[in-house]
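Chemist:
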Amino acid sequence: MGFDPHEPEQRGQLRDALTAADITVGELWLRYFSMTGSAGEYEVQAYLQGLISLPVIQRDLLALACNEIIAEKPPLHAPCADQMKGMGPIGPS
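The sequence shown runs contiguously to residue 93 in our numbering.
1) Have a look at residue 56 and residue 32 and give me their C-alpha separation to the nearest angstrom.
2) Counting pairs of Cβ atoms below 8 angstroms between the stretch 4 to 24 and the stretch 55 to 73, do you hit three or more?
3) Can you find a heavy atom of the ligand HEM that lies under 6 angstroms from the Cβ of residue 29?
4) Report buried or exposed for residue 71, applying the criterion of at least 16 other Cβ atoms within 10 angstroms of its Cβ.
5) Between 81, 74, 62, which has its C-alpha nearest residue 30's C-alpha?
6) Give the straight-line distance between the Cα atoms of residue 1 and residue 66, rounded to the nearest whole angstrom.
7) Within the same chain, show all residues whose beta-carbon is closer than 7 angstroms to that of residue 35, passing over the 5 residues directly before and after it, in chain order.
8) Excluding the five sequence neighbours on either side, which residues of its own chain have a C-beta within less than 6 angstroms of the C-beta of residue 10, listed in chain order?
9) At the level of alpha carbons, what is the spacing between residue 18 and residue 25?
10) Tell me the residue span of the alpha helix (DSSP H) that contains residue 33.
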């Protein structure tokens with residue numbers, strides 16, 4: 001397996017997305033594996049730490065798995081005043 005010059009940037013952006021979306025390696029790996037990913041969970045962890053290289057297709061599957069998980073999460077938003085009606089200091093009354 002040769003080294004792809006884009007791999008470090010792809011890995012870094014995947015790590016950034018995982019952190020921003022609060023996705024664990026276990027969550028990522030489970031989705032990736034369900035999409036026919038062939039690397040084990042420890043291999044994915046090692047890849048994310050920059051310890052091993054993965055083939056392009058496996059890296060792309062990891063990116064797709066991450067993007068799917070992100071798409072399923074509810075978006076963050078700041079509520080307007082009319083959305084706050086009935087809300088106490090902690091949450092809905």
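Where a beta carbon is used, it is the ideal one built from N, C-alpha and C, also for glycine.
All values reported here derive from a predicted model rather than from experimental measurement.
Modeler: Reading off the structure:
1) Along the sequence shown, read from residue 1 onward, the residue named residue 56 stands at position 56. Along the sequence shown, read from residue 1 onward, the residue named residue 32 stands at position 32. Computed Cα separation, rounded: 14 angstroms.
2) Contact check between the stretch 4 to 24 and the stretch 55 to 73: three or more CB pairs, one atom from each, fall below 8 angstroms, which counts as touching.
3) This structure does not include the ligand HEM; it has no bound ligands of any sort.
4) In the sequence shown, the residue the question calls residue 71 occupies position 71. Exposed, since its Cβ has fewer than 16 Cβ neighbours within 10 Å.
5) Looking up residue 30 in the sequence shown gives position 30. That would be 62, whose Cα lies nearest to the Cα of residue 30.
6) Within the sequence shown, the letter at position 1 stands for residue 1. Within the sequence shown, the letter at position 66 stands for residue 66. With a pLDDT of 47 at residue 1, under the threshold of 50, the predicted position of this residue should be treated as unreliable, and no value is reported.
7) If you number the sequence shown from 1, residue 35 lands on position 35. Counting only Cβ-Cβ distances below 7 angstroms, and skipping sequence neighbours, we find 61, 64, 65.
8) Mapped onto the sequence shown, residue 10 falls at position 10. Cβ contact annotation for residue 10 (same chain, cutoff 6 angstroms, sequence separation greater than five): 59, in chain order.
9) Counting from one through the sequence shown, the residue named residue 18 turns up at place 18. Counting from one through the sequence shown, the residue named residue 25 turns up at place 25. One C-alpha to the other measures close to 8 angstroms.
10) For the purposes of this step, residue 33 is identified with residue 33 of the sequence shown, where counting begins at 1. Per DSSP, residue 33 belongs to the alpha helix (DSSP H) from 25 to 34.
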